[in-house]
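Report on the structure given below.
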Amino acid sequence: MNKTFDRASSILFALIGALFVVESRSISTSAYGSEVGPNLFPMGLGILLILLGLRLFWETFRYRGAVPSAVPLRHKRFLLMLLATVLYAWFLEEIGYVIGTFLFLLAGFRLMGSASWWKSAAVALAFSVGVYAVYVHILKGTLPGFPSWLGL
Amino acid sequence: MEALQYLADGFTIALQWHNLVYAFVGVLIGTAVGVLPGIGPMSGVALLLPVTASLTNGLTPDQAAASALILLAGVYYGAMYGGSTTSILLNTPGESSSVVTTLDGYQMARQGRAGAALAIAAIGSFVAGLVALVALVFLAQPLSEVALTFGPAEYFSLMILGLCAVSGLGGKSMTKALIMTVFGLLLATIGIDNVSGVARFTYDIPDLYQGLEFLTIAVGLFALGEVFKTILESDGTEAEMIKVDRILPTKADLKQSAAPIARGSLLGFFIGILPGAGATLASFFSYIVEKKVSRQPERFGKGAIEGVAAPESANNAASGGAMIPLLTLGIPGSGTTAILMGALLMYNVQPGPLLFSDHPQVAWGLIASMFIGNVMLLVLNMPLVKVFAKIIETPPQYLIPLIIAISVFGVYAVQVSTFDLMLLIACGVAGYVLAKNDFPLAPLVLGLVLGPMIENNMRRALTTSNGDYLIFLQKPLSAVFLACALLWLVVPMLLKLRGRQVVVNEEA
């Protein structure tokens, strides 16, 4: 068990509970045709979350000092993948599904250690074009198409 | 024999060619998901949820719901089966409900009996699936008739019982499980309140008015969370895989495992019905039972075939049993069934006692397709076990980015919003961090699904009683449910205080 994380998260959850309690006070307290208003349920849960957060905080003092065996984490690879995913999601509508997915997969395959550019590009192209063709042209779904400035 | 008539109708639906294809694709993907270490049944079902939603686009709502459920349920029990393959061949369980299978399965494989172990696992899963199905057919209708007499107070208390059961067994720390439950319930309150129409916690952000989408959160927490874990923690070394030679088990193998399969199936089914106690617990218990019953308990852990047959039957039977509270009461007892329930709700099909009268084709079609799916699994797995074993060798450098791309595609195809994609990624990171620190994710998803229903029933009950909270204790059934809920939390706590080891249910 990670004492620091648990302690921080217990405080965070208690704060989230407090936030819900405070914010639910601004919701109307009665509703037409109903005895209890829409504020009661979130307020009650908020109080419960505060109590549970405090309980977890109290429990962290009783942790024994066993340090969990640390697996070496590959932070750099993770952050780069996360960045690639965020960029992909953010620009998906602007650059269109096929281009965005192709670029993301190509970057992703290389980041995860694929050795060959050709193989990566082939798989990325097959997936992005394949999904787009099947979903948009056969199943008539909606995905962002090619960007208009390409003039396609 | 009304039930048999309904079942026959169910078969006419499940045997429609497109539903056969869905069942086939479901069990095929499910087996692959179970075989691949890193994605378990829950992330597999979550990942495919949006994909099925887009596949069933052109069908009428009821047909679409039936087809989607047939596929997703196929993934669910296919994964239960596939998980055994890696346990036996690699000594790494594909998902938590196959952890016990490694004990004897891997030993059998090392003695050159890998084929027999895999075959017994397939046969056991098949028999267990049938047992669960027969019980489901005969229990579903009567149970849903009982549930029809429930009022809002009873429903509220029953759902509280479900949540407490899942939290009480939900991981290493009950406090953390409860925090996740309450947090899930709170997240469910975001959006327009559907009783009064008041916007809650939306802060004029248009994306929030509909509430946080269940699908986005489920895919993020489970599918992306698992992927991020693999990216961070996998070191690229690959385990040595044992080759499969002879597949058919000998007569002696079959004779030895017949009784364990029967016991495992029954035990697994009843454990599966209990909310909170899922396939993982079922497999552990049945292993312990076999060891107790056996005349030579010292053989266990050294390649006893009973040690493969019983837990593999139990985890499949449990996944069938878990369907009962979902279909008849509308209360999911585990993370995976919570996702299946989210799928039903997406199609505007409300699981619960009315499911059998309002949407008989969905309910009975699903039940019939589970039978067909089990047959397909057996037919697929016996000859193709070597092919499935190859899936393990899928290079992770291609698999990981593809899973991310499928998640993004799925969520975008259903939600068509960049906001949901960002929420997806945030949930993925949160899912990894929380799971890493022993905060169980299943209670959160359960809270998210059940939240609106708990709130509605609570408010309806309080309206009938003019705001008197004692109504939950005055109705006898409701009081019994609440008492059980309390016991479910207090008993494990007392056991822990007395220093007993409590078996906990990891994600299943």
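Protein chains in written order, with our numbering: chain A, 1 to 152; chain B, 1001 to 1508.
Glycine included, C-beta positions come from ideal geometry on N, C-alpha and C.
Given the structure is predicted, the values throughout are model-derived calculations rather than measurements.
Check                                                                                                                                      : Outcome
Beta carbon proximity, A/G145 to chain B, threshold 7 angstroms                                                                            : no
B/R1295 (DSSP reduced to helix, strand or coil)                                                                                            : coil
Complete runs of the alpha helix (DSSP H) confined to the stretch 1131–1166 of chain B [at least 4 residues]                               : none
Chain B within 7 angstroms of A/A126, Cβ atoms only                                                                                        : no
Span separating the alpha-carbon of B/A1117 from that of B/S1265                                                                           : 17 angstroms
Chain B residues whose Cβ lies nearer than 7 angstroms to that of A/V86                                                                    : I1425
Backbone secondary structure at A/R64 - three-state DSSP                                                                                   : coil
Proximal residues to B/Y1155 (C-beta, below 6 angstroms), its chain only, five neighbours per side dropped                                 : N1457
Residues that DSSP places opposite B/A1121 in a beta bridge                                                                                : Note: B/A1121 sits in no beta bridge, so no partner.
Within 7 angstroms of chain A by C-beta, residues of the stretch 1181–1197 of chain B in sequence order                                    : V1182, F1183, L1185, L1186, T1189, D1193, V1195 and S1196
Nearest neighbour of B/D1009, chosen from B/L1377, B/L1402 and B/G1365 [CA to CA]                                                          : B/G1365
Rounded Cβ spacing between B/S1319 and A/P38 (contact assumed at less than 8 angstroms)                                                    : The pair is not a contact, with the Cβ atoms about 37 angstroms apart (cut-off 8 angstroms).
Beta-carbon spacing of B/F1388, B/T1031 below 7 angstroms                                                                                  : yes
Collapsed DSSP secondary structure at A/G113 in the structure displayed                                                                    : coil
Residues in the stretch 1394–1423 of chain B having any Cβ partner in chain A nearer than 8 angstroms                                      : P1395, P1396, Q1397, Y1398, I1400, P1401, L1402, I1404, A1405, V1408, F1409, Y1412, A1413, V1416, T1418, L1421 and M1422
Where B/N1057 meets chain A, residues with beta-carbon distance less than 8 angstroms                                                      : L139, K140 and G141
Within 7 angstroms of chain B by C-beta, residues of the stretch 100–128 of chain A in sequence order                                      : T101, F104, L105, G108, F109, M112, G113, S114, V123 and F127
Cβ pair B/V1227, B/I1400 closer than 7 angstroms                                                                                           : yes
Any C-beta of chain B under 7 angstroms from that of A/S148                                                                                : no
Proximal residues of chain B, C-beta to C-beta of A/V131 below 7 angstroms                                                                 : F1409
The alpha helix (DSSP H) enclosing B/N1457, as first and last residue numbers                                                              : A1442 to T1464
Min CB distance B/E1506 to chain A below 7 angstroms                                                                                       : Legend: pLDDT at B/E1506 = 48, less than 50; position of this residue unreliable, value from coordinates given subsequently. Output row for B/E1506: interface = no.
Of the listed residues B/L1047, B/L1072 and B/V1051, nearest to B/V1027 (C-alpha basis)                                                    : B/L1072
Contact set between B/E1002 and chain A, taken where Cβ atoms lie within less than 7 angstroms                                             : What B/E1002 touches in chain A: nothing, since even the nearest Cβ is about 38 angstroms away.
Spatial neighbours of B/A1435 in its chain, beta-carbon cut-off 7 angstroms, leaving aside the 5 residues before and after                 : G1225 and L1441
Three CB pairs or more closer than 8 angstroms across the stretch 1037–1051 of chain B and the stretch 1300–1308 of chain B                : no
Chain-ordered neighbours of A/F61 on chain B, where CB pairs are closer than 9 angstroms                                                   : Within 9 angstroms Cβ-Cβ: nothing; A/F61 doesn't reach chain B, min ~13 angstroms.
Beta-carbon gap between B/M1159 and B/F1439 smaller than 7 angstroms                                                                       : no
Cα-Cα separation between A/V36 and B/T1463, rounded to whole angstroms                                                                     : 7 angstroms
is_contact[B/T1250, chain A] using C-beta, thresh 7 angstroms                                                                              : no
Contact under 7 angstroms by Cβ, B/L1232 with A/F78                                                                                        : yes
Contact with chain B by A/F91, beta-carbon distance below 7 angstroms                                                                      : no
Contacts around B/F1214, its chain only, beta-carbon distance under 7 angstroms, and the 5 residues preceding and following it disregarded : G1342, L1448 and V1449
Coarse secondary structure for B/A1322, derived from DSSP in three states                                                                  : coil
Minimum Cβ-Cβ distance from A/F13 to chain B less than 7 angstroms                                                                         : yes
Rounded distance between the beta-carbons of B/S1167 and B/F1481, thought under 8 angstroms                                                : The pair is not a contact, with the Cβ atoms about 15 angstroms apart (cut-off 8 angstroms).
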